[in-house]
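Read in order, the letters of the sequence shown are residues 820 to 1024 in my numbering. Reviewing the structure listed below.
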Amino acid sequence: MTTMVATATPTVRVNVIRYAALTAKVLLFALLLSALIWPDLSGIKGKASTVRLIVYPIGAMALPLWWWVYGRAKSKLHDRYPWPADLLMTLPWLIDLIGNRLNLFDTVNWWDDAMHFILWGFLTAGVLLAFALRNLSRGLTAFVALGFGATAAVVWEIGEYFAFVRNSTELQTAYTDTLGDLALGTLGALLAGLILYQTRARVAR
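Take a look at the structure:
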């Protein structure tokens, strides 16, 4: 009886995470569709809305597409689809859209900083869960997290600059804001890597 309960508990947990990931994707695509139909209500009008409508679906579907093309048959990291990684890699795009839809980026002073820290942590944790070896040392995990997080943060800031910042009123404060965003995103990625390492080490005991 005890064995049956122990076996059922991980299965229930996996199902919950799977449904959460699917729900997050449905909400994301619903918000993207609404932004396409009612751009004035989206919160991303004037903030590179066209680019976001392209990049966000790609970001949310990168892992499923990789699994369909390559991972399902050849992955040495997972014997089944990594739903926790999928959820973590979908949440940043969804939360960003919700924050813009509710105008939190423009009305709450600390929101943008918090999002760069938290969402980069989610994204980095998801990428490491999906693609990083489980037996990496603490140092290597931190190194990989920093490498991905810092690189992704730089790419994001360059994209923001060319997409809308250079032609907006934000240009006057863009340098300071960009430095802060890069620092917070990198720190969030590092923390995510360290938390993931500790979680994996605890599970392996």
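The C-beta atom is built at its ideal place from N, Cα and C for all residues, glycine as well. Please read all numbers here as calculations on a predicted model, not as lab measurements.
To the nearest angstrom, how far is the alpha carbon of V888 from that of L896? Locating residue 888 in the sequence shown gives position 69, where the first residue counts as 1. Locating residue 896 in the sequence shown gives position 77, where the first residue counts as 1. For V888 and L896, the distance between alpha carbons rounds to 15 Å.
Applying the 10 Å Cβ sphere with the 16-neighbour rule, what's the burial state of R1021? For the purposes of this step, residue 1021 is taken as residue 202 along the sequence shown, with counting starting at 1. Flag for R1021 reads exposed.
Inter-residue spacing [alpha-carbon to alpha-carbon] between L923 and H935: Residue mapping note: residue 923 aligns to position 104 of the sequence shown, counting from 1. Residue mapping note: residue 935 aligns to position 116 of the sequence shown, counting from 1. Here the alpha carbons of H935 and L923 stand approximately 13 Å from one another.
Using 8 Å for Cβ pairs, my map puts L1006 next to T960. What's the rounded Cβ distance? By one-based count along the sequence shown, residue 1006 stands at place 187. By one-based count along the sequence shown, residue 960 stands at place 141. The beta-carbon separation of L1006 and T960, rounded to 15 Å, does not stay under the 8 Å limit for a contact.
Within a Cβ cutoff of 6 Å, which residues of the same chain sit near P813, ignoring the five residues on either side of it in sequence? What is shown of the chain runs 820 to 1024, which leaves residue 813 out entirely.
Quick check: what's the CA-CA separation for A944 versus L907? On the sequence shown, position 125 is the one that residue 944 refers to. On the sequence shown, position 88 is the one that residue 907 refers to. Approximately 7 Å between the Cα atoms of the pair.
Would you mind reading off the limits of the alpha helix (DSSP H) that contains Q1017? The residue you call residue 1017 lines up with position 198 of the sequence shown. Residues 993-1023.
Residue from T830, P911, I937, V927 whose Cα sits closest to the Cα of A843: Your numbering for residue 843 matches position 24 in the sequence shown. When only C-alpha atoms are compared, the closest one is P911.
Measure from the alpha carbon of I977 to the alpha carbon of each residue in L1001, F962, G865, then state which is nearest. Mapped onto the sequence shown, residue 977 falls at position 158. Nearest of L1001, F962, G865 to I977, Cα basis: L1001.
For T830, count neighbouring C-beta atoms within 10 Å of its own C-beta (all shown protein chains included) and say buried if the count is 16 or more, exposed if not. As a position in the sequence shown, residue 830 is number 11, starting the count at 1. Its Cβ having fewer than 16 others within 10 Å, T830 is exposed.
Taking the alpha carbon of A982 as the point to measure from, which residue in L855, V835, L872, S853 has its own alpha carbon closest? Walking along the sequence shown from the start, residue 982 turns up at place 163. Cα-wise, what sits closest to A982 is L872.
Determine the closest residue to L1034 out of A1023, L1010, A839, with distance taken between C-alpha atoms. This structure cannot speak to residue 1034, because the chain is shown only from 820 to 1024.
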